[in-house]
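Please read the structure below before turning to the comments.
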Amino acid sequence: MPRLALATATFVAASLPTPAVAALPEPVKAMIDAAIASGNKPDVLAVVKIAKATNPDDLAEINALMSDYNARLAEQAKAALREKQEAGLFENWKGQGELGGFRSTGNTRNLGVSGGLKLVKDAVKWRLNFQTRADYERNKGKTTRDQLSATIEPNYKFGKSLYAYGLAQFERDRLQGFSARYTLSGGLGYELVKTKDLRLAVKAGPAIRITDFAAGDSKSSLAALIGLDLDWKISDNLKFSQDTGGTYASDAQGFTSASAVIDSDNISFAATSAFDAKLFGALSARFSYTIEHETNPPVGRIKTDTLSRATLVYDF
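In my numbering, the protein residues as written are 13 to 328.
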């Protein structure tokens, strides 16, 4: 009899209809899919949080959607890492081209033409930066500013924040008294802050400076270099950057953009602040302000020069 009763109960239970499992409402699923398609992870997390709170019976399906999303993100990250590792020397470069005008105050009060180029190649363990700038102006038929600088800086990454840098820089400014100046430096850098919208990095190290003066003589000296870089994405259409650096040396003949030279007789300092406003596509408008200051300038020069630039920037 017990066996017959158990069999009867099993038959009855099998005959009963299986309760339907509630499916995630289609509007909620469409909302999650739309957030995932946007590619914005904070939006995805916010939508999923609301979906879980309003649909507690569908947590399993929501978690499954998130698992698929996280798996795709992980695969994309692996693909990007493989691309960086396998990229050749002429691949994965990003850059900016800049062209416009400037107004100077200080030793000259004129309008001029300004242009620049920046290139960056970012790999898994190393990064290569290159930039060049030229400023040119004339007043009453005479050239009153003719500056040219070019810098190449390779970085080797020890981890997420710490890196080693090397730097080679060439400058020319005959009106400031030198036909060529070379700076070689190497040291350590550290990214104090690195998020999607904000990056703050500092670096420091020893340096060698060689200056060829316009009069024909030359001078070399040991130095130390320090630098600070700040990039802040205020919004999708507005960015701010601050480039400040320093070179401490035994000579103070002239000075360069974003650098300071300090000795017992003179301190030279320069810093550039810039706002980039996106116009359309890869084109932006840049407004920048540079201060160059010397506490004890050469005879005939005043202490502070400024450059106000308005340029168009193309990202590629």
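From the three backbone atoms N, C-alpha and C, an ideal C-beta is built for every residue, glycine too.
If you look at residue 216, you'll find it in the beta strand (DSSP E) that goes 210-225. With contacts defined as CB atoms closer than 8 Å, residue 217 and residue 199 qualify as a contacting pair. Excluding five sequence positions before and after residue 298, the CB atoms of its chain that fall closer than 6 Å to its own CB belong to 286, 288, 323 and 325, given in chain order.
A contact is defined here as three or more CB-CB pairs under 8 Å, and the stretch 136-148 meets this definition with respect to the stretch 156-165. Between residue 219 and residue 305, the alpha-carbon positions lie close to 21 Å from each other. By the beta-carbon neighbour count (other beta carbons within 10 angstroms, threshold 16), residue 75 is exposed. Residue 318 carries a strand assignment under DSSP once its states are collapsed to helix, strand and coil. Straight across, the Cα-Cα distance linking residue 64 with residue 82 is about 17 Å. According to the DSSP assignment, residue 166 belongs to the beta strand (DSSP E) that extends over 154-169. Assignment of beta-bridge partners to residue 88 by DSSP yields no partner. A Cβ-Cβ distance of about 5 Å is found for the pair residue 169 and residue 137, placing them in contact under the 8 Å criterion. Nearest neighbour of residue 157 by Cα position, chosen from 184, 177 and 91, turns out to be 184.
About 7 Å separates the beta carbon of residue 317 from that of residue 116, a gap short enough to meet the 8 Å contact definition. With a threshold of 16 other beta carbon atoms within 10 Å, residue 283 meets it and is buried. For the pair residue 197 and residue 230, the Cα-to-Cα distance works out to about 19 Å. A straight-line Cα-Cα distance of about 34 Å links residue 191 and residue 212. Within the DSSP bridge table, the entry for residue 179 names 197 as partners.
Residue 203 is bridged by DSSP to 213.
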